[in-house]
Amino acid sequence: MSDGDWHFLPGWEGRKEGQAPHGAGIITYVNDVGYQAALQKKSTLPEHTIVVKENYAPAVEGNKQSALWPNAKLAVVTVMYKVKGFNPEANDWYWVKYLPDGSVDEMKGMKLAGKPKGCIQCHASGGGKKND
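To convert a position in the sequence shown, counted from 1, into the numbering used here, add 262.
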């Protein structure tokens, strides 16, 4: 993302190793609203914050594989958007998981957008730094 309103999430600059349920390699961006709050070490990100995470699958190079190599394949793009009043039980986050072609991913016939249980449960458990 090259637009001036987007930044790497502080502490997560560049491609980093990821962990389930996200990709083996991740790049995390945040819009300016969330970036400014993160720089100020706010405990809760404000409404209108958007977090975009590119999730990469491992690529094979020689006899090793890594999602940090430049030829790793984009697996999915996950997005969190904070909308006041949308989802009070999960701190008003709207989640969506996109496939590389731009379509919304599905699990068991349900689109992974809005209030996906898996996203909410993982973030509430602290697996995703809670629902801040």
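Ideal Cβ positions, reconstructed from N, Cα and C, are used throughout, including at glycine.
Predicted, not measured: the structure shown is a model, and the values here were computed from it.
How far does the alpha helix (DSSP H) with residue i in it extend, from its first residue to its last?
i       : result
Lys-379 : 379-386
On the premise that residue j lies in contact with residue i, defined as a C-beta separation below 8 Å, what is that separation, rounded to the nearest angstrom?
i       : j       : result
Asn-317 : Gly-296 : Actually they do not touch by this definition, with Cβ atoms about 18 Å apart.
Ala-386 : Ala-352 : 7 Å
If I follow the unbroken beta strand (DSSP E) through residue i, where does it start and stop?
i       : result
Val-295 : Not the beta strand (DSSP E): Val-295 falls in the alpha helix (DSSP H), residues 294-301.
Gln-327 : 326-328
Ala-337 : 335-344
Asn-317 : 312-319
His-269 : 268-270
Give me the Cα-Cα distance between residue i and residue j, rounded to the nearest whole angstrom.
i       : j       : result
Lys-315 : Gly-273 : 14 Å
Val-339 : Ile-288 : 9 Å
Lys-370 : Gln-383 : 17 Å
Gly-376 : Pro-350 : 13 Å
State buried or exposed for residue i, treating a residue as buried only when at least 16 other CB atoms are found within 10 Å of its CB.
i       : result
Met-342 : buried
His-420 : Look at the range of the chain in this structure, 263 to 394, and you will see that residue 420 is not part of it.
Ala-282 : exposed
Gly-280 : buried
Asn-393 : Any answer about Asn-393 is weak, because its pLDDT of 48 lies below 50 and its placement is not dependable; what the coordinates show is given next. When all chains shown are included, Asn-393 counts as buried.
Met-263 : Residue placement at Met-263 is flagged as unreliable, the pLDDT there being 47, under the threshold of 50; a coordinate-derived value is accordingly withheld.
Lys-344 : buried
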